[in-house]
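Engineer: Residue numbers (our numbering): 2 to 153.
A single structure is presented below for examination.
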Ligand SMILES: [Cu+2]
């Protein structure tokens, strides 16, 4: 009886930890509207073993013009298992299209991943977006769409 109650309490603490982290992410995004931080559009594709996750980021200033010359670093973790993975952060490189940057992360499993986006240079921001990385057969490249709220 007692051990199982302790277990329940541990899970509740974990859930509130995860919920708290999500809340922080949301407030960062909301703050981005009002404080001159760049607008961030993230599109990711998964492929191959790993799986690999190729993410393309478009940055715009508040007036809608593309933001060039930023340093963008991407990382990834699994919100459902925050300590379980050590994905190497990658510097994104400019693609040549104005305001566009790209980096490829080597993930360790399928599922919902939080992509951490760290922007510095002419604009600064730190945010995370959750994407669902599904199975992608053969040489296909598959969209990793924004994760549905509560998806794991
Ligand atoms: Cu995992």
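Note that beta-carbon positions come from the ideal geometry of N, C-alpha and C, so glycine has one too.
1) Give the single residue among 43, 110, 67 whose Cα lies nearest to the Cα of residue 135.
2) Examine the Cβ distances between the region 43-61 and the region 87-103 and report whether three or more of them are shorter than 8 Å.
3) Taking 8 Å as the limit between beta carbons, can you name the residues of its chain near residue 127, skipping five residues before and five after?
4) Given that a residue counts as buried once 16 or more other Cβ atoms are within 10 Å of its Cβ, and exposed if not, what is residue 152?
5) What does residue 56 pair with, by DSSP beta-bridge criteria?
6) Could you tell me the boundaries of the beta strand (DSSP E) in which residue 88 lies?
7) DSSP on residue 22, reduced to helix/strand/coil?
8) I need the DSSP call for residue 75, collapsed to helix, strand or coil.
9) Counting Cβ pairs, one atom from each stretch, are 3 or more of them under 8 Å apart for the region 42-52 and the region 79-93?
10) Would the beta-carbon of residue 110 be found less than 7 Å away from any heavy atom of ligand 1?
11) Assign residue 112 to one of three DSSP states: helix, strand, or coil.
12) Under the DSSP definition of a beta bridge, which residues are partnered with residue 128?
13) Quick check on residue 79: buried or exposed, where buried means 16 or more other Cβ atoms within 10 Å of its Cβ?
14) Give a yes or no on whether the C-beta atoms belonging to residue 74 and residue 98 are separated by under 8 Å.
15) What do you get for residue 38, buried or exposed, if any count of 16 or more other CB atoms within 10 angstroms of its CB means buried?
Structural biologist: Straight from the coordinates:
1) 110
2) yes
3) 29, 117, 118, 119, 120
4) exposed
5) 45, 104
6) Note, residue 88: premise wrong, no beta strand (DSSP E); not H, not E.
7) Model confidence at residue 22 stands at a pLDDT of 42, short of 50, so the residue's coordinates are unreliable; what they give is reported in the following sentence. DSSP places residue 22 in helix when its eight states are reduced to three.
8) strand
9) no
10) yes
11) strand
12) 118
13) buried
14) no
15) buried
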